[in-house]
Amino acid sequence: MLRYVVLILLSFVFTGHISKKTLHLINGMSEVSEDTPGKGAVSTTEKPAIDTSMLEIDFCGDQLPLKESHVARRYHNAVKHFSHPTYSQYKKQVSVDLKVISKILKQYNLPSDLKYIPLVESNFTSFAISPRGAVGYWQLMPQTAMALGLRVDDIVDERKDLVKSTHAAAKYLKWLYGELGNWTLAAAAYNSGPGKLIKQMGLQKKNDFYQLRLNNETSKYVYKIVAVKELFNSPERSSTWGDEEFLVSLSEYHRSIAKTGKDLIPETKVAQTK
């Protein structure tokens, strides 16, 4: 554009006048605003690159901070872990068990989302046994199970009983919540043990699960529970989260926040489900 302006001025200097064609060119350039999108111009209108409802995912009423790139990536990986068709078929197979668990959790006034823990722990298998000795749907350790009132001996192991073990797990989860004051932390402590989690919270001086650096299994634990919940209740949204193209769009969104320092998506409050 500077080249054209120089030529116009030189034309005026040497001829003493400006042609109608030149005037038309000048007027045409003046109509192009710096704020007008076009060739060589940058639009100042910012738009989120994703459907905002895709970020409205919660665990026990607490929304996942999916606007943070590391949280979004971990959740995406959890969704992909459960993307196998086998898990989609579990919904019908475990529907009766889920109703039993939901009814018991309600008796203890616990969030319904906790009912998905057995799928992550044992794939809803009563005879599941971990290398460390945890057994049953809820994968309770012997000492923990007995402390919660279950019979565990060579003759009877009530950790394999869905109703009795769910009552025990409900008591344990309620106690963990009382100690930690947060369902996300309570679920993480269910996996790692409260002592290990509290120790890391103290060392790192953080009480936000999503900011804590934990062992590989525990750091993925809550994400897996939420991934199962979404697979069963919002399969379309779950499918989108497992798509690499969606993750690319989400990465662009995260980069725009980092660049502009402006969040284009308002905070959304999610009602706690009990």
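The opening position of the sequence shown corresponds to residue 844 in the numbering used here, with each subsequent residue numbered one higher. Even for Gly, the Cβ is constructed at its ideal location relative to N, Cα and C.
Exercise for the section: Measure the alpha-carbon distance for GLN936 versus PHE967 and round it to whole angstroms. Expected result: As a position in the sequence shown, residue 936 is number 93, starting the count at 1. As a position in the sequence shown, residue 967 is number 124, starting the count at 1. Rounded to whole angstroms, GLN936 to PHE967 spans 10 Å at the Cα level.
Practice task
Find out if the Cβ-Cβ distance for the pair ILE1068, ILE998 is shorter than 8 Å.
Solution key: By one-based count along the sequence shown, residue 1068 stands at place 225. By one-based count along the sequence shown, residue 998 stands at place 155. For ILE1068 and ILE998, no; Cβs fall outside 8 Å.
Problem - Closest by C-alpha distance to SER896, when choosing among LYS1102, SER1081, SER973, ARG994 - result: Position 53 of the sequence shown, counted from the first residue, corresponds to residue 896. For the residues LYS1102, SER1081, SER973, ARG994, the minimum Cα distance to SER896 belongs to SER1081.
Exercise for the section: For GLN986, count neighbouring Cβ atoms within 10 angstroms of its own Cβ and tell me buried if that reaches 16, exposed if not. Expected result: Locating residue 986 in the sequence shown gives position 143, counting from the first residue. Exposed is the call here.
Exercise for the section: Below 8 Å on the Cβ atoms is my guess for GLU1060 versus ASN1034; work out the distance and round it to an integer in Å. Expected result: The residue you call residue 1060 lines up with position 217 of the sequence shown. The residue you call residue 1034 lines up with position 191 of the sequence shown. That belief holds up - the Cβ atoms of GLU1060 and ASN1034 are roughly 7 Å apart, short of 8 Å.
Problem - With 16 other Cβ atoms within 10 Å as the buried cut-off, status of VAL1006 - result: Taking the sequence shown and counting its residues from 1, one reaches residue 1006 at position 163. By the 10 Å Cβ count, VAL1006 comes out exposed.
Practice task
Just list the alpha helix (DSSP H) runs in the region 1029 to 1076, keeping only unbroken ones of 4 residues or longer that don't cross its boundaries, in chain order.
Solution key: 1037 to 1047, 1059 to 1076
Practice task
Using the Cα positions of LYS1102 and ALA1032, report the straight-line distance between them to the nearest angstrom.
Solution key: If you number the sequence shown from 1, residue 1102 lands on position 259. If you number the sequence shown from 1, residue 1032 lands on position 189. In a straight line, the C-alpha of LYS1102 is about 36 Å away from that of ALA1032.
Practice task
Name the one or two DSSP bridge partners that ASP894 has.
Solution key: Indexing the sequence shown from 1 puts residue 894 at position 51. Per DSSP, none; premise fails for ASP894.
Exercise for the section: Give a yes or no on whether the C-beta atoms belonging to ILE947 and THR1009 are separated by under 8 Å. Expected result: Residue 947 sits at position 104 when you count from the first residue of the sequence shown. Residue 1009 sits at position 166 when you count from the first residue of the sequence shown. In contact: ILE947 and THR1009 (Cβ atoms closer than 8 Å).
Practice task
Using the Cα positions of ALA988 and VAL978, report the straight-line distance between them to the nearest angstrom.
Solution key: One-based indexing of the sequence shown puts residue 988 at position 145. One-based indexing of the sequence shown puts residue 978 at position 135. Cα-Cα distance, rounded: 9 Å.
Problem - Which of helix, strand or coil DSSP assigns to LEU983 - result: Numbered from 1 along the sequence shown, position 140 holds the residue referred to as residue 983. Strand.
Handout entry: Neighbour-count burial assignment, GLU1079, 16 or more Cβ in a 10 Å radius
Key = For the purposes of this step, residue 1079 is identified with residue 236 of the sequence shown, where counting begins at 1. Flag for GLU1079 reads exposed.
Problem - Proximal residues to SER973 (C-beta, below 8 Å), its chain only, five neighbours per side dropped - result: Translated into the one-based positions of the sequence shown, residue 973 becomes position 130. GLN982.
Problem - Coil, strand or helix - VAL937 by DSSP - result: Position 94 of the sequence shown holds residue 937. Three-state result, VAL937: coil.
Practice task
Over the uninterrupted alpha helix (DSSP H) stretch that includes ALA1101, give me the two end residues.
Solution key: By 1-based counting over the sequence shown, the position of residue 1101 is 258. It spans 1087 to 1103 - the alpha helix (DSSP H) in which ALA1101 sits, taken as one unbroken run.
Exercise for the section: Can you tell me the Cβ-Cβ gap for VAL1065 and PHE925, rounded? I've got them flagged as a contact below 8 Å. Expected result: The residue given as residue 1065 occupies position 222 in the sequence shown. The residue given as residue 925 occupies position 82 in the sequence shown. Contact flag wrong, Cβ pair sits at about 14 Å.
Exercise for the section: Would you mind giving the Cβ-Cβ distance between TYR1053 and VAL914, rounded to the nearest angstrom? I have them listed as a contact below 8 Å. Expected result: As a position in the sequence shown, residue 1053 is number 210, starting the count at 1. As a position in the sequence shown, residue 914 is number 71, starting the count at 1. With a Cβ gap of about 5 Å, TYR1053 and VAL914 count as contacting.
Exercise for the section: Measure the C-alpha to C-alpha separation of ASP1004 and LEU941 and round it to an integer number of angstroms. Expected result: Stepping through the sequence shown from its first residue, residue 1004 is reached at position 161. Stepping through the sequence shown from its first residue, residue 941 is reached at position 98. Their backbone Cα atoms lie some 14 Å apart in a straight line.
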